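Student: Questions regarding the structure given below will be posed in turn.
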Amino acid sequence: MIEQALSFAGHPTIGTASYVLGTLAPGKSRATLHCKAGPIEIEYVDRTARASIPHNFHVHTELPITRAEIEILQPKLKGKEMPDIANVSPVKGMDFFYIQLSDFNTLALVECSGLKPKPRLDVAWNVGFCGSVFYVLGSRESSPDGAVKQSLRMRMIEGPLEDPATGSAS
Numbered sequence: 119m120i121e122q123a124l125s126f127a128g129h130p131t132i133g134t135a136s137y138v139l140g141t142l143a144p145g146k147s148r149a150t151l152h153c154k155a156g157p158i159e160i161e162y163v164d165r166t167a168r169a170s171i172p173h174n175f176h177v178h179t180e181l182p183i184t185r186a187e188i189e190i191l192q193p194k195l196k197g198k199e200m201p202d203i204a205n206v207s208p209v210k211g212m213d214f215f216y217i218q219l220s221d222f223n224t225l226a227l228v229e230c231s232g233l234k235p236k237p238r239l240d241v242a243w244n245v246g247f248c249g250s251v252f253y254v255l256g257s258r259e260s261s262p263d264g265a266v267k268q269s270l271r272m273r274m275i276e277g278p279l280e281d282p283a284t285g286s287a288s
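If you're matching positions, the sequence shown starts at 119 in this note's numbering and goes up one per residue.
Below you can see the structure in the form of structure tokens.
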């Protein structure tokens, strides 16, 4: 369970932009929201909301989470392949363990165990929410202009809850 205000959350930001500019101030198309992560410029035109999302991306390196700690949180993953494990904050106060799994069957083993990760974040970043994101790489396509599209299947777990939208985690 979330025990304090989040520094940022994507879906509520878009919903707030739609409500503020579409209902409370219908003559305006732009405004600024102020949240813990920083100011967010919002726009609402033709029933479409847009937001300039603040970010301060940080990869934690001082005390990384171990495979053994992940297996305590998710016992059914014991012995399963985990090609990559990282602890990342898209903004200060929003922290995630990203655990790459090898296939969709392994991803299906992830459960809402009720156990919460106990992050050891880098100095000055040791605050806020922490969730676990389990993901599998899907298809990868390159376009003629060099852009790459990588498909992912993700699940974000925080203790007894699964976030079906995984907005800021993705």
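Ideal Cβ positions, reconstructed from N, Cα and C, are used throughout, including at glycine.
All figures in this text were calculated on a predicted structure; none of them were measured in a lab.
(1) Can you have a look at Ala155 and say buried or exposed, based on whether 16 or more other CB atoms are within 10 angstroms of its CB?
(2) Taking just the CA atoms, how far does Arg273 sit from Cys153?
(3) Beta strand (DSSP E) containing Gly256: first to last residue?
(4) So what's Lys267 in DSSP terms, helix, strand or just coil?
(5) Any idea which residues DSSP pairs Cys153 with across the strands?
(6) Would you say Ile160 and Ala135 are within 7 Å of each other, going by their C-beta atoms?
(7) Assuming Val254 and Arg271 are in contact, meaning their beta carbons sit under 8 Å apart, how far apart are those beta carbons, in whole angstroms?
(8) In whole angstroms, give me the CA-to-CA distance for Cys248 and Tyr216.
(9) To the nearest angstrom, how far is the alpha carbon of Ala188 from that of Trp243?
(10) For the 8 Å Cβ check, are there 3 or more pairs between the stretch 205-213 and the stretch 172-180?
Tutor: Straight from the coordinates:
(1) Locating residue 155 in the sequence shown gives position 37, where the first residue counts as 1. Buried, because 16 or more other Cβ atoms sit within 10 Å of the Cβ of Ala155.
(2) By 1-based counting over the sequence shown, the position of residue 153 is 35. By 1-based counting over the sequence shown, the position of residue 273 is 155. So the two alpha carbons sit approximately 25 Å from each other.
(3) Position 138 of the sequence shown, counted from the first residue, corresponds to residue 256. Following the DSSP letters along the chain, one finds Gly256 inside the beta strand (DSSP E) bounded by residues Phe247 to Ser260.
(4) As a position in the sequence shown, residue 267 is number 149, starting the count at 1. Three-state DSSP puts Lys267 in a strand.
(5) The count along the sequence shown starts at 1 and reaches residue 153 at position 35. Gly156, per the DSSP bridge assignment.
(6) The residue labelled residue 160 in the question sits at position 42 within the sequence shown. The residue labelled residue 135 in the question sits at position 17 within the sequence shown. Closer than 7 Å, so yes.
(7) For the purposes of this step, residue 254 is taken as residue 136 along the sequence shown, with counting starting at 1. For the purposes of this step, residue 271 is taken as residue 153 along the sequence shown, with counting starting at 1. Correct: roughly 5 Å between the Cβ atoms.
(8) Here the question's residue 248 lines up with position 130 in the sequence shown. Here the question's residue 216 lines up with position 98 in the sequence shown. Answer to the nearest angstrom: the Cα atoms are 11 Å apart.
(9) By one-based count along the sequence shown, residue 188 stands at place 70. By one-based count along the sequence shown, residue 243 stands at place 125. For the record, residue 188 in the displayed sequence is Ile; it is not Ala. Straight-line Cα distance between these residues: approximately 21 Å.
(10) yes
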